[in-house]
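These notes concern the structure reproduced below.
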Amino acid sequence: MDWNCTVTEERLSDFLEGTLALPERDACAAHAEACASCSEILARVGALVTDMHALEELPEPSHLARRIINNTRPTPRRGQEFSSWSGWLSLIWQPRFAIGLATVAVTAVILAHAARPQLSRLTPADLNPVNLVRAGNRQAHLTYARGEKFVNDLRVVYEIRAMLASPTQAEPGNQGTPSSGARPNTSEHEDETQQRSEARVERGSMVWAMLFPFTDEGAPPSANRRTP
Amino acid sequence: MYNLCYRFTGNSAAAEDLSQEVFLRVYRTLGSYEAAYGAFATWLTSVTRNLLVDHYRRTRRDRLTDSIDQAPQVEETHSTERTPHQQAEAAELSAQVQMGLAKLSPELREAVILRDLQGMEYGEIRKVLQVPEGTVKSRINRGRLELARILREMGVRAS
């Protein structure tokens, strides 16, 4: 193989990296032994490549990573800020929100109107925490007492209604017309009517007794009121 | 990325700016990456290389006004496995190689950096530089010869 200095330079890297075929490698080595210039080039370039492969990587500056992160982090643009605000406005700018706002305003006006007289009578002593606690406690007890009274009244009313309603429901059963269809005689019918009226009067007096219990004098309050 | 940028530019500030620019560009164009193109590292190197070429063209006028013999900054490497003497030798060699690389043409410089400093395969370099593999080999070979000649002229002795 005709191997010269030009071929040595052209195939230098292949020789150094060992990718030359065996005959070419032998020819190159033989030429290098005979040619001082090519031998020096091979040695110098081989050493350079070895040195460069052995070079350590340069350490990155410590602030570089932080700098890159800071610069790649997305920052909100002006348009995006406006779009976020417009997003909130689109939520508020709706009929149901306007209706709700109007309802709250009307409620506030009513409450202010109702509380105005009490607010006008408000004194500095009313703002004392002790007084506030006492007033709250009193209001709670009053509310409880009113509730209890209401429940009791309701119970009495239902008892009265039940007592008044029970004879009218029982009457059809008591009338019990004979299966023969014969009409009862007149005296029995009159007795029955009288008994019913007496029972009605008795229940009425019981209701009155429940509604207006007797006073210490033993007379109903209604009687006292009539005869002061 | 920082090493590649520094070896190509020889300037730590420019290397930092370019490294940041690489990540910004990757951040913006990540959707354009396709696995068929090759390994992600190869694509990343390709992006870096394009930015380096842009930077080289952009700063060509500045370099013409600068002194050719201006020595690049020497960045010391610290290794716990080497003695201080070896570390000093390595730092000196790194600076000399850097100075020699700065005098190479961009085409030869990028080929030598990718092969001998970044340790990339010929196929990967072909994809990054987007030239035939024969051209890659030719550039690497000429770059090594030229760099060895420059270092010899600088008085650097081979180890």
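Residue numbers (this note's numbering), protein chains in the order written: chain D, 90 to 317; chain X, 938 to 1096. Quick reminder that beta carbons are idealized off the backbone N, C-alpha and C, glycines included.
Residue-level contact to chain X via CB, residue i, 7 Å cutoff
{"i": "E106 (chain D)", "result": "no"}
{"i": "R162 (chain D)", "result": "no"}
{"i": "L147 (chain D)", "result": "yes"}
{"i": "T140 (chain D)", "result": "One detail in the question is off: residue 140 (chain D) reads as Asp in this sequence, not Thr. Yes, D140 (chain D) counts as interfacial toward chain X."}
{"i": "R185 (chain D)", "result": "no"}
{"i": "I157 (chain D)", "result": "yes"}
{"i": "L131 (chain D)", "result": "no"}
{"i": "V96 (chain D)", "result": "no"}
{"i": "S126 (chain D)", "result": "no"}
{"i": "S151 (chain D)", "result": "no"}
{"i": "L137 (chain D)", "result": "yes"}
{"i": "L109 (chain D)", "result": "no"}
{"i": "S179 (chain D)", "result": "no"}
{"i": "V195 (chain D)", "result": "no"}
{"i": "V134 (chain D)", "result": "yes"}
{"i": "L101 (chain D)", "result": "yes"}
{"i": "L200 (chain D)", "result": "no"}
{"i": "L190 (chain D)", "result": "no"}
{"i": "A119 (chain D)", "result": "no"}
Neighbour-count burial assignment, residue i, 16 or more Cβ in a 10 Å radius
{"i": "S956 (chain X)", "result": "buried"}
{"i": "L221 (chain D)", "result": "exposed"}
{"i": "W182 (chain D)", "result": "exposed"}
{"i": "E971 (chain X)", "result": "exposed"}
{"i": "K238 (chain D)", "result": "exposed"}
{"i": "R1079 (chain X)", "result": "buried"}
{"i": "S949 (chain X)", "result": "buried"}
{"i": "G262 (chain D)", "result": "Annotation note: pLDDT 47 at G262 (chain D) (below 50); position unreliable, coordinate value reported separately. So G262 (chain D) counts as exposed."}
{"i": "I1062 (chain X)", "result": "buried"}
{"i": "W92 (chain D)", "result": "buried"}
{"i": "Q1035 (chain X)", "result": "buried"}
{"i": "R100 (chain D)", "result": "buried"}
{"i": "A121 (chain D)", "result": "buried"}
{"i": "K104 (chain D)", "result": "One detail in the question is off: residue 104 (chain D) reads as Phe in this sequence, not Lys. With 16 or more other Cβ atoms within 10 Å, it is buried."}
{"i": "T946 (chain X)", "result": "buried"}
{"i": "R995 (chain X)", "result": "exposed"}
Cβ of residue i within 7 Å of any chain D Cβ
{"i": "I1062 (chain X)", "result": "no"}
{"i": "C942 (chain X)", "result": "no"}
{"i": "N948 (chain X)", "result": "no"}
{"i": "D991 (chain X)", "result": "no"}
{"i": "R1081 (chain X)", "result": "yes"}
{"i": "K1085 (chain X)", "result": "For the record, residue 1085 (chain X) in the displayed sequence is Ala; it is not Lys. It does; some Cβ of chain D falls within 7 Å."}
{"i": "P1009 (chain X)", "result": "Confidence at P1009 (chain X) is low in this model, with a pLDDT of 47, below 50, so the placement of that residue should be treated as unreliable; the coordinate-derived value is given next. Cβ-Cβ to chain D under 7 Å: no for P1009 (chain X)."}
{"i": "D1006 (chain X)", "result": "For D1006 (chain X), the predicted structure reports a pLDDT of 42, less than 50, and the residue's modelled location is therefore unreliable. A value from the coordinates is still provided. It does not: the Cβ of D1006 (chain X) has no partner Cβ on chain D nearer than 7 Å."}
{"i": "F977 (chain X)", "result": "no"}
{"i": "Y939 (chain X)", "result": "yes"}
{"i": "F960 (chain X)", "result": "yes"}
{"i": "I1050 (chain X)", "result": "no"}
{"i": "Q1023 (chain X)", "result": "no"}
{"i": "Y970 (chain X)", "result": "no"}
{"i": "E1026 (chain X)", "result": "no"}
{"i": "S1031 (chain X)", "result": "yes"}
{"i": "Y964 (chain X)", "result": "yes"}
{"i": "Q957 (chain X)", "result": "yes"}
{"i": "E953 (chain X)", "result": "yes"}
{"i": "N1078 (chain X)", "result": "yes"}
Residue-level contact to chain B via CB, residue i, 7 Å cutoff
{"i": "D1053 (chain X)", "result": "No chain B appears in this structure, whose protein chains are D and X."}
8 Å contact criterion, which residue i and residue j should meet: CB distance rounded
{"i": "E1047 (chain X)", "j": "R986 (chain X)", "result": "6 Å"}
{"i": "R1081 (chain X)", "j": "V138 (chain D)", "result": "6 Å"}
{"i": "I1087 (chain X)", "j": "K1040 (chain X)", "result": "5 Å"}
{"i": "R962 (chain X)", "j": "V984 (chain X)", "result": "6 Å"}
{"i": "L941 (chain X)", "j": "T982 (chain X)", "result": "7 Å"}
{"i": "A951 (chain X)", "j": "Y939 (chain X)", "result": "With 8 Å as the limit, A951 (chain X) and Y939 (chain X) do not qualify as a contact, their Cβ atoms being about 11 Å apart."}
{"i": "M1091 (chain X)", "j": "G1037 (chain X)", "result": "7 Å"}
{"i": "Y1059 (chain X)", "j": "V1073 (chain X)", "result": "6 Å"}
{"i": "R133 (chain D)", "j": "A1085 (chain X)", "result": "5 Å"}
*asked:* When you compare the stretch 100-116 of chain D with the stretch 1061-1070 of chain X, are there three or more beta-carbon pairs, one atom per stretch, that lie closer than 8 Å?
replied: The stretch 100-116 of chain D, when compared against the stretch 1061-1070 of chain X, does not touch it at the 8 Å Cβ threshold.
*Would the stretch 113-127 of chain D and the stretch 288-296 of chain D be scored as touching if the rule is three or more Cβ pairs under 8 Å?*
Short answer: they don't touch.
*For the stretch 948-962 of chain X against the stretch 150-165 of chain D, are there 3 or more C-beta pairs whose distance is under 8 Å?*
Flag = yes, the stretch 948-962 of chain X and the stretch 150-165 of chain D touch.
*asked:* Count Cβ pairs between the stretch 95-104 of chain D and the stretch 114-132 of chain D that sit closer than 8 Å; are there 3 or more?
replied: The way I'd put it, the stretch 95-104 of chain D does touch the stretch 114-132 of chain D; three or more beta-carbon pairs between them come closer than 8 Å.
_Stretch-stretch touch, CB-based, cutoff 8 Å, three pairs: the stretch 1028-1037 of chain X with the stretch 132-150 of chain D_ = By the Cβ criterion, the stretch 1028-1037 of chain X is in contact with the stretch 132-150 of chain D, since at least three pairs of Cβ atoms, one from each stretch, lie closer than 8 Å.
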